């Protein structure tokens, strides 16, 4: 909502200056977003007289005008193309530096076809006063006024206020004035009593049909005949322009004026174009209307239309139609002032996608008791400006609504706000806002003004009181530094720990959008249905991601395209497996691309590989509290990994909860995405599958015991079937004697050469140590034999001599 | 017998270990002069023998010492010689050790959690996909409410019943429905609005706060936010203003502005004559409490919501919201935080 100080002062008697008013507005919740300075530039526009004109030496259609800014000033040369520019004409001049309202262009001293022009002479259209662009303005001001400002309101700034959706009453200047008055900054001016001569009854039959979902509650009208519609007088144009609207004709400008002034939208019909009568009814599927915005709308069922015998004339509370629109030639009008239900207006406008000033106001709630007030002011102005003869008002439907009373306990304010307020102050604030109050010992009975649909409960009254009293009056209570609950739960701790654990291994954390391109997501969704967004911001952000990799791989590509090939990125965040609330889980996914030691003076470069990401992953899982012994690794990874270079980690057995995947990203995906550096490995950790221990780690740990005795090491080389996994051999040997075998390490693996087909050699180092004694050669041999035996019996391995 | 000083002189001039070994044999070995002298001792009378033996032992001792000293000297020389060969250019690059970084949003969430932890708030979370009911209706924003226009919502179904949450406020409802008061929670999380331009990202982060208990007033709300803002920006004094506003789910509602000034194009928070909006807050609307099955006769409280990304931008001088989500390697390196830089209260929130 834009207001100007002078318009505000029509309703508010105040001495406060702009700065003070702006502060007050913001303090009471009418946030001033901006003060438009551009209005100021209008003060530059001057009334001038053309002293003489001559033909431009280099252009047939241009004239060189000598312009007088008054007797005392030197005359100025202006180049002008208007055919009506002639000596003796009084017109409007824009000096260099001024901004032309229509084009928003700033004038400069410029050469036009070789002749310097100091400013320009303006048409009405250029000044946004009318659409008249044929020639420059012709004024009939007296000689005395030459050199004076053309815009009397010039220099006035406009205040742009952000009105919250609960305050429809402040979508009119008077509502804002009322709020300001309650702060004590000024006094609300009483509305002038309006006397109109109204003899005859309103002649056009109007009815509101009784049907379900009827969007119109009441409909007021006035028939005015024999008017002479014309351009608005300057004061009215100035007002309309000052709030950012365009003057059209007196009748339309007056209805707009009343809307901006009193927040009372009106509509004027050309009465001669109404076919017999007005019927306010629900539309039927298939009806159409050509609206004043020039568009054709196809209506559905149950939209509130104002219609005549022929069909819809307008959409109630939203927009009028061209068929019954007023024009300069219009001589008889029907003025409408009605109440439309917010829900109905909102629904229709949303379906048809129409945004108008009237719709904006009706959907927020107009004062239902302002029908007559609006008719009075508009009729008065029309008669005054356009002449004519007004009928009596006809108002049908429910024309007054029940008074809303709210009771507020006396201690409610203290209870919610924390400070006291006197009953005098309560009365003063509420009365100035238009509420009627009745104070008793126990509570307050408050009658809510009809222009405040937002005030429904006692808490709304509390807000009114503190809003006007001032939020700065609230005494702050220092928070207590006390913690009785854990700040984070187990999962949240895991989240933070894993995030920093992975970052500490050289990965950059990224945060990417939860949605992605379905074309990329499908690579990682294992054939599952995509989770579609109905209204995505673009086609390549059309699904919720099923994998962290969907976005991450794209950003690997983007960074590679920028020339960064060796990358380690990760993201921890939600992935989705359905479109219902809760069908999501937190995954930490990381991708690594490129070469290690790409440029090194002493280390050979090598491609990063599955064992690099495996190292990062295992270390991280251990940091998260898991034991390496509990990690069961197999080569079952989803299809977006390279099938022969990827793994799965389960907890405590190969069928236990899935903790993570790791491996090379499938080369087919890499080539589809067309990565520059094709060597990409990744991992995914499923945090929800990491079990929460029932005790703190420190309590779960066994007592600290170390052996006092000599540790021994034995190396074994086995020939085993090629298909056995090294990890399985490791785990198998560990089972031989959990007390004596401290560590098993595979340190060599060999296939081919003189190995029999289908076999491989595997070298294992075993650390053996007893808690009770130094192991003798005999003891060690016993353990060794057991190891050899178990490998033989369980997996058919043979020891190499 | 040769002069002892002469022998010692020779030892001290030995050029290497081998030469020294030869001298040792020559001077102290079986056939050495000194050994010969010892052999002759038997032929002397007792008194003479004692005197002679003492002097011989002295000499032997001195030579031994000289040999040992020279041996140490030679060893040292040898090491030094070897080291000369081992010399490396220490200005050569160290071996690669990649630097990981924590994203500013994560860091700031840690900071905020740490601050609110001090005054007893716990962290809650909720799903990104929400029901229309939890996101709007339960929060006193019925279907026909114009406030819904301010939330450009992503929908996941044709009936517009399932959506991406437009704010973290639905977690208020979830938390209250799943427990009993009092509630004292913060909720950091991803939020979504289908609005994308220079200053808007379709996904951003919000932090919700909710404190419901007996006798919680707007004074507590003011105190809580005053504490938070000062701690977060790590300033002792800050200009702050509570300005009436409107949110369907709080009543009264306020927006909070903080003072700032511009210095070399950077926003300096605290003093200064300009105002910057940082958060919205208010007393939880009784309708919201009723929807969450809370007895409004006994319990009331406040809620607030703020943009985490925006707070990060203000604190760390990041100008472009969209850059948070663009994953530019250079940006992540520049604005990211060292993983060991964990915000804590006692070591300071930020370095």
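Residue numbers (this note's numbering), protein chains in the order written: chain A, 686 to 1486; chain B, 34 to 384.
Think of the CB as a built atom: it goes at the ideal place given N, C-alpha and C, for glycine as much as any other residue.
For clarity, every value in this text was computed on a predicted model and none was experimentally measured.
For residue 1059(A), the uninterrupted alpha helix (DSSP H) segment begins and ends at 1056-1071. Excluding the 5 residues flanking it on each side, residue 716(A) has same chain C-beta neighbours closer than 6 Å at 847, in chain order. Shown here, residue 277(B) sits in a strand according to DSSP, grouped into three states. Secondary structure note for residue 989(A): its beta strand (DSSP E) is the uninterrupted segment 989-992. Separation of residue 744(A) and residue 790(A) (C-alpha to C-alpha, rounded to the nearest whole angstrom) is 23 Å. When Cβ pairs closer than 8 Å are counted between the two stretches, the region 1199-1214 of chain A is seen not to touch the region 1161-1169 of chain A, the count staying below three. Not flagged as an interface residue toward chain A: residue 314(B), since no C-beta distance is shorter than 8 Å. Looking at the DSSP output, residue 221(B) bridges to 240(B). In chain order, 1219, 1264 make up the part of chain A whose C-beta sits under 8 Å from the C-beta of residue 190(B).
Excluding sequence positions up to five before and after residue 810(A), its CB lies within less than 7 Å of the CB of 787, 816, 817, 818, all in the same chain and listed in chain order. The beta-bridge partner set that DSSP reports for residue 778(A) consists of 731(A), 806(A). The shortest CA-to-CA distance from residue 104(B) to any of 54(B), 59(B), 365(B), 239(B) is the one to 54(B).
Put simply, the CB of residue 827(A) is far from chain B, with every gap to its CB atoms at 8 Å or more.
For residue 1191(A), the chain B residues whose C-beta falls within less than 8 Å of its own C-beta are 130, 131, 132, 133, listed in chain order. Taking 8 Å as the CB threshold, residue 150(B) lines the interface with chain A. DSSP, read as helix, strand or coil, puts residue 793(A) in coil.
DSSP links residue 1432(A) through a beta bridge to no other residue. Contact fails between the region 1029-1046 of chain A and the region 1113-1131 of chain A, because fewer than three Cβ pairs, one in each stretch, are under 8 Å apart.
In the DSSP assignment, residue 1308(A) falls within the unbroken alpha helix (DSSP H) covering 1295-1308. Proximity of the region 1171-1179 of chain A to the region 1051-1063 of chain A falls short of the contact definition, fewer than three beta-carbon pairs being nearer than 8 Å.
Comparing alpha carbon positions, the residue from 1302(A), 1156(A), 1251(A) closest to residue 1186(A) is 1302(A). Residue state for residue 306(B) is assigned as coil, using DSSP reduced to three classes. In the structure shown, residue 855(A) falls within a helical segment according to DSSP collapsed to helix, strand and coil.
For a Cβ distance threshold of 7 Å, residue set 252 of chain B lies close to residue 1160(A), ordered along the chain.
Judged by beta-carbon spacing, residue 1041(A) lies beyond the 8 Å limit of residue 953(A), meaning their Cβ atoms are not closer than that value. Taking a beta-carbon distance threshold of 8 Å, residue 195(B) counts as an interface residue toward chain A.
Below the 7 Å Cβ cutoff, chain A contributes 1194, 1195, 1196 as neighbours of residue 136(B), in chain order.
Scanning chain A for C-beta atoms nearer than 9 Å to the C-beta of residue 367(B) yields nothing, as the closest lies near 11 Å away. Its chain contains 1402, 1403, 1404, 1446 as the residues whose beta carbon lies nearer than 8 Å to that of residue 1485(A), once the 5 sequence neighbours on both sides are disregarded; these appear in chain order. Between residue 1244(A) and chain B, the shortest Cβ-Cβ separation is below 8 Å. For residue 1249(A), the nearest CB of chain B lies under 8 Å from its own CB, placing it at the interface with that chain. Residue 1272(A) has its alpha-carbon roughly 17 Å from the corresponding atom of residue 138(B).
Under the 8 Å Cβ criterion, the region 287-304 of chain B does not count as touching the region 734-744 of chain A, having fewer than three qualifying pairs. Take residue 265(B), set aside five residues on each side of it, and the residues of its chain with a beta-carbon closer than 8 Å to its own are 144, 145, 148, 344, 348, 382, in chain order. With fewer than three CB-CB distances shorter than 8 Å, the region 1427-1445 of chain A does not count as touching the region 1349-1356 of chain A. Pairing residue 1229(A) with residue 1218(A) gives a Cβ-Cβ distance under 8 Å.
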